[in-house]
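Step one of this worksheet: look at the structure below.
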Amino acid sequence: MSQFFDEQGKAVPVTLIEAGPCRITQLKSSDTDGYQAVQIGFGDIREKLINKPAKGHLAKSGEDLLRHLCEYRVDDLDGIQVGGAITVGDFAAGQKVDVSGDTMGRGFAGLQKRHGFSRGPMTHGSKNHRQPGSIGAGTTPGRIYPGKRMSGRYGGKKITTRGLTILKIDSDRNLLVVKGSVPGKPGSLLNIRPANRVAAKPAKGGK
Numbered sequence: 007m008s009q010f011f012d013e014q015g016k017a018v019p020v021t022l023i024e025a026g027p028c029r030i031t032q033l034k035s036s037d038t039d040g041y042q043a044v045q046i047g048f049g050d051i052r053e054k055l056i057n058k059p060a061k062g063h064l065a066k067s068g069e070d071l072l073r074h075l076c077e078y079r080v081d082d083l084d085g086i087q088v089g090g091a092i093t094v095g096d097f098a099a100g101q102k103v104d105v106s107g108d109t110m111g112r113g114f115a116g117l118q119k120r121h122g123f124s125r126g127p128m129t130h131g132s133k134n135h136r137q138p139g140s141i142g143a144g145t146t147p148g149r150i151y152p153g154k155r156m157s158g159r160y161g162g163k164k165i166t167t168r169g170l171t172i173l174k175i176d177s178d179r180n181l182l183v184v185k186g187s188v189p190g191k192p193g194s195l196l197n198i199r200p201a202n203r204v205a206a207k208p209a210k211g212g213k
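Here my numbering is used: the first residue of the sequence shown is 7, the next is one more, and so on.
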């Protein structure tokens with residue numbers, strides 16, 4: 007995380023994202039694949055670390071060896087060619103984007119850390135400090151209902167943060183300055199798409 011000063015001099019929390027350049031490695035059309043999509047690659051990789059099928063796939067597109075491949079469905083393939091690149095210049099300042107990534111893994115965690123439960127009393131003879139308490143009834147229903155919040159693995163799941171605003175674009179360093187936080191730890195892989203949901207504005211005078 008960092009901070010960005012807007013036109014009014016107000017400090018805004020931001021995240022700096024290195025976005026590309028991503029090389030276009032394959033085009034999929036409705037005639038051959040049943041749907042339209044663009045496959046892009048990002049990040050270099052040594053030849054000894056990539057398998058033969060992936061190496062042959064990238065050789066067909068004439069691209070260098072790439073570590074990550076990702077596919078995006080599109081409505082129109084006009085103007086898109088294999089060997090082209092997607093850069094930060096394809097975004098615009100003020101644009102809303104959805105950012106997906108894996109959250110930071112925190113290992114096995116208890117109820118207070120994982121779900122924000124309140125703890126029990128710490129004094130007056132209480133032994134119920136961080137215990138879960140009741141997890142269900144007895145004979146009826148005789149089981150624990152699915153979805154019961156309990157201790158377990160915390161983090162390490164793919165989530166999407168929607169409607170983040172791009173405040174600035176640095177084309178020289180391939181950086182997007184995005185308002186707010188994004189999933190994952192520094193250096194993790196992110197998936198950036200144009201926002202497909204628009205937040206509804208509250209009605210004036212409504213409750």
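Every residue, glycine too, gets a C-beta built ideally from N, C-alpha and C.
Consult DSSP for residue i and reduce its assignment to one of helix, strand or coil.
i	result
Leu55	helix
Lys61	helix
Gln14	coil
Leu71	coil
Arg125	coil
Leu22	strand
Arg136	coil
Arg159	strand
Arg149	coil
Only counting the same chain, and skipping five residues up and downstream in sequence, which positions put a Cβ closer than 8 Å to that of residue i?
i	result
Ala17	Gln9, Phe10, Phe11
Val188	Thr21, Ile23, Val105, Gly107, Thr167, Leu170, Leu196
Ile141	Ile150, Lys154, Met156
Ala91	Gly26, Pro27, Cys28, Arg29, Ile30
Which residues does DSSP pair with residue i in a beta bridge?
i	result
Phe97	For Phe97, which the question treats as bridged, DSSP gives no partner whatsoever.
Thr167	Val105
Lys174	Val183
Arg203	BP columns for Arg203 are empty, so no partner.
Ile141	Bridge partners of Ile141: none, in fact.
Arg29	Gly47, Ala91
Ser8	Val20
Just to confirm the assignment, what range does the beta strand (DSSP E) spanning residue i have?
i	result
Gln87	Neither: Gln87 is in no beta strand (DSSP E) and is coded neither H nor E.
Ser106	102-108
Pro200	197-200
Leu83	That residue, Leu83, is in no beta strand (DSSP E); it is neither H nor E in DSSP.
Gly49	43-50
Ala115	113-115
Output needed for residue i: all residues of its chain with C-beta closer than 6 Å, excluding positions within five of it in sequence on either side, in chain order.
i	result
Phe123	Leu117
Asp50	none
Ile221	Here the chain has residues from 7 to 213 only, and residue 221 is not among them.
Relative to the alpha-carbon of residue i, which residue among the options has its alpha-carbon at the smallest distance?
i	options	result
Cys76	Thr145, Phe48, Met110	Phe48
Ser106	Ile51, Leu195, Ile175, Leu181	Leu195
Leu72	Val188, Arg29, Thr146	Arg29
Gln42	Met156, Gly68, Leu83, Thr171	Leu83
Gly62	Gly40, Thr31, Met7	Thr31
Ile46	Asp70, Leu55, Asn57	Asp70
Gly158	Arg52, Lys119, Thr109	Lys119
Along the chain, where does the alpha helix (DSSP H) that runs through residue i open and close?
i	result
Thr38	36-39
Compute every distance between the C-beta of residue i and the non-hydrogen atoms of the ligand ZN, then say whether any falls below 7 Å.
i	result
Asp108	With respect to the ligand ZN, the structure shown offers nothing to examine, as it has no ligands at all.
What does a CB cutoff of less than 7 Å around residue i pick up in its chain, not counting 5 residues either side in sequence?
i	result
Arg112	Tyr160, Gly161
Leu182	Ile23, Ala25, Val94, Phe97, Ile172, Ile175
Leu215	The structure shown does not extend to residue 215, since the chain spans only 7 to 213, so no value can be given for it.
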